[in-house]
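J.:
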Amino acid sequence: MSVGSDVPVLGAVTVPAGGGAPIQSVNYQSSGVMLEIRPVVLVDSVLVTLTQQISNFTSTDTGVNGSPTLLKRELASKVAVKSGELVLLGGLEETSATVAGSGLPFLPRWLRSQSSDESRTDLIVMLQVDVL
1 MSVGSDVPVL GAVTVPAGGG APIQSVNYQS SGVMLEIRPV VLVDSVLVTL TQQISNFTST
61 DTGVNGSPTL LKRELASKVA VKSGELVLLG GLEETSATVA GSGLPFLPRW LRSQSSDESR
121 TDLIVMLQVD VL
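As numbered in this note's numbering, residues 1 to 132 make up the sequence shown, in order.
#1: In whole angstroms, give me the CA-to-CA distance for G91 and E74.
#2: How big is the Cα-Cα spacing for V153 and Q53?
#3: Just the Cα atoms here: how many angstroms apart are R109 and T121?
#4: According to DSSP, simplified to helix, strand and coil, what is L50?
#5: Which whole-angstrom value describes the C-beta separation of I37 and L47, a residue pair presumed to lie in contact below a C-beta threshold of 8 Å?
#6: Ignore the nearest five residues each way along the sequence and tell me which others in D130's own chain have a CB closer than 8 Å to its CB.
#7: Using the Cβ count rule (16 or more neighbours within 10 Å means buried), how would you classify S31?
#8: Note down, in chain order, each residue of its chain lying with its Cβ closer than 6 Å to the Cβ of T98, except the 5 sequence neighbours on either side.
#9: Let me know the alpha helix (DSSP H) ranges lying completely inside the region 4-73, each 4 residues or longer, listed in chain order.
#10: Do you know offhand how far S59's Cα is from V125's?
#11: Could you round the C-beta distance between V9 and P68 to whole angstroms and report it? I think they count as a contact, below 8 Å.
#12: To the nearest angstrom, how far is it from the Cα of A17 to the Cα of Q29?
#13: Name the DSSP beta bridge partners of R120, please?
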């Protein structure tokens, strides 16, 4: 399962032997929330391999030729679950804070404004296994 977007990222750059303009290839990379579930049914339980990933692209000064940088958090787990049992997995937590100010720097502090914003996200997966 994937919820997100495919972002174009600069791939290989080829320069023709006889000269001319370089040829750039573009690769598309997925970003967003991705969840992969692989069950294996055993005699008395189900072996479940779960892979959770949260990724997004951000523009940075270190990107090659203005390419965005991929920020990725990934968690892989294997659990053995009996039919009817519930699995609860979490751990991809992120907290971010931003501070912004406006006004002219030479004005007194009480004539300028400053705002701050803090956000917290956490991906929690709840999975119930039922063998029919």
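Just so it is clear, CB atoms sit at the ideal spot from N, CA and C, and this is done for glycine as well.
T.: The short version:
#1: Residue numbering aside, residue 91 sits at position 91 when the sequence shown is read from its first letter. Residue numbering aside, residue 74 sits at position 74 when the sequence shown is read from its first letter. Their backbone Cα atoms lie some 10 Å apart in a straight line.
#2: Residue numbering for the chain in the displayed model covers 1 to 132; residue 153 lies beyond these limits and cannot be assessed.
#3: As a first step, residue 109 is located in the sequence shown; it is residue number 109 there, counting from the start. As a first step, residue 121 is located in the sequence shown; it is residue number 121 there, counting from the start. Each residue's alpha carbon lies about 33 Å from the other.
#4: Position 50 of the sequence shown, counting from 1, holds the residue named residue 50. L50 falls in the strand class under three-state DSSP.
#5: To locate residue 37, count along the sequence shown from 1; it is residue 37. To locate residue 47, count along the sequence shown from 1; it is residue 47. About 11 Å; that fails the 8 Å criterion.
#6: Taking the sequence shown and counting its residues from 1, one reaches residue 130 at position 130. Here the set comprises S83, G84.
#7: Indexing the sequence shown from 1 puts residue 31 at position 31. Result: buried.
#8: Counting from one through the sequence shown, the residue named residue 98 turns up at place 98. Excluding positions up to five away in sequence, the list reads D117.
#9: none
#10: What you label residue 59 is simply residue 59 of the sequence shown in a count that begins at 1. What you label residue 125 is simply residue 125 of the sequence shown in a count that begins at 1. Answer to the nearest angstrom: the Cα atoms are 29 Å apart.
#11: Start at 1 with the first residue of the sequence shown, and residue 9 comes out as number 9. Start at 1 with the first residue of the sequence shown, and residue 68 comes out as number 68. Going by Cβ atoms, the distance from V9 to P68 rounds to 7 Å, so yes, they are a contact pair.
#12: Along the sequence shown, one-based indexing puts residue 17 at 17. Along the sequence shown, one-based indexing puts residue 29 at 29. Cα to Cα, the separation comes out at about 29 Å.
#13: What you label residue 120 is simply residue 120 of the sequence shown in a count that begins at 1. According to DSSP, R120 bridges with T95.
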